[in-house]
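In terms of this note's numbering, the sequence shown opens at residue 243 and continues consecutively. One structure is given below, encoded as structure tokens.
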Amino acid sequence: MVGLLALAVAAAFTGAAVYVSVAEQPARLGLDDQALLREWQPSYKRGAAMQASIAMVACVLGLIAWWLTGASAYLAGALFIILPWPWTLLVMMPTNRKLEAMDAEAANSQARSLIVRWGELHLVRVALGGLATIAFLWALRLP
243 MVGLLALAVA AAFTGAAVYV SVAEQPARLG LDDQALLREW QPSYKRGAAM QASIAMVACV
303 LGLIAWWLTG ASAYLAGALF IILPWPWTLL VMMPTNRKLE AMDAEAANSQ ARSLIVRWGE
363 LHLVRVALGG LATIAFLWAL RLP
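Right, dumping it as structure tokens:
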């Protein structure tokens with residue numbers, strides 16, 4: 243049961259990450275530079291809190307499932323689902339901090355290129371969530 247919960251939570255993380263990349267990011271890039279930053283700033287703040295907590299829950303569930311079953315695929319899934327944390331802190335944070343520090347009410351042509359870059363970096367979180375989901379699914383299929 244814990245493994246199934248880990249799968250469900252990892253799939254929720256992955257679904258949210260995919261949504262950001264295929265729906266929200268393209269839609270926001272259709273806005274003018276000022277509105278683009280004004281939309282990104284609160285969206286990022288809310289999304290980061292949501293996805294970070296979902297990743298933590300999926301990781302803990304995956305570790306519990308690994309401990310209970312000994313299936314290494316659960317451990318792999320737990321590692322994949324928590325890797326967006328260091329990716330965000332070590333690789334994405336410089337871009338995030340620049341965007342968060344910008345005045346959304348002032349015209350800033352740099353915001354667009356940074357948000358495009360942010361979207362490219364976000365794809366790694368999509369991939370890691372997908373790998374975690376696949377690992378948890380694989381673990382459930384093991385005898």
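Even for Gly, the Cβ is constructed at its ideal location relative to N, Cα and C.
| query | Tell me which same chain residues have a C-beta within less than 6 angstroms of the C-beta of Ala259, skipping the five on either side of it? | reply | Position 17 of the sequence shown, counting from 1, holds the residue named residue 259. Around Ala259: Arg367, Val368, Gly371.
| task | Ignore the nearest five residues each way along the sequence and tell me which others in Ser285's own chain have a CB closer than 8 angstroms to its CB. | result | For this step, residue 285 is matched to residue 43 along the sequence shown. Cβ neighbours of Ser285 beyond the five flanking positions: Glu266, Arg270.
| Same chain, Cβ closer than 6 angstroms to Ala248, neighbours up to 5 away in sequence not counted | Along the sequence shown, one-based indexing puts residue 248 at 6. Excluding positions up to five away in sequence, the list reads Ala300, Leu303, Gly304, Ala307, Phe378.
| task | Pull up the CB-CB distance for Leu373 and Val333, whole angstroms please, since I reckon it's below 8 angstroms. | result | Taking the sequence shown and counting its residues from 1, one reaches residue 373 at position 131. Taking the sequence shown and counting its residues from 1, one reaches residue 333 at position 91. Going by Cβ atoms, the distance from Leu373 to Val333 rounds to 17 angstroms, so no, they are not a contact pair.
| Do Asp274 and Arg354 have their C-beta atoms closer together than 7 angstroms? | In the sequence shown, counting from the first residue as 1, residue 274 sits at position 32. In the sequence shown, counting from the first residue as 1, residue 354 sits at position 112. No, Cβ-Cβ distance for Asp274 and Arg354 is not below 7 angstroms.
| task | Assign Met243 to one of three DSSP states: helix, strand, or coil. | result | Within the sequence shown, the letter at position 1 stands for residue 243. Here Met243 sits in coil by DSSP.
| Between Leu382 and Met344, what straight-line distance do the alpha-carbon atoms span, to the nearest angstrom? | For this step, residue 382 is matched to residue 140 along the sequence shown. For this step, residue 344 is matched to residue 102 along the sequence shown. Their backbone Cα atoms lie some 45 angstroms apart in a straight line.
| task | Kindly list the residues whose CB is nearer than 8 angstroms to the CB of Leu246, restricted to its own chain and excluding five residues on each side of it in sequence; keep chain order. | result | Taking the sequence shown and counting its residues from 1, one reaches residue 246 at position 4. Leu382.
| field | Distance between Leu341 and Leu279 (C-alpha atoms, nearest Å) | value | In the sequence shown, counting from the first residue as 1, residue 279 sits at position 37. In the sequence shown, counting from the first residue as 1, residue 341 sits at position 99. Looking at the two C-alpha atoms, the distance is approximately 7 angstroms.
| field | Rounded straight-line distance, which links the Cα of Glu281 to that of Leu310 | value | The residue given as residue 310 occupies position 68 in the sequence shown. The residue given as residue 281 occupies position 39 in the sequence shown. In a straight line, the C-alpha of Leu310 is about 43 angstroms away from that of Glu281.
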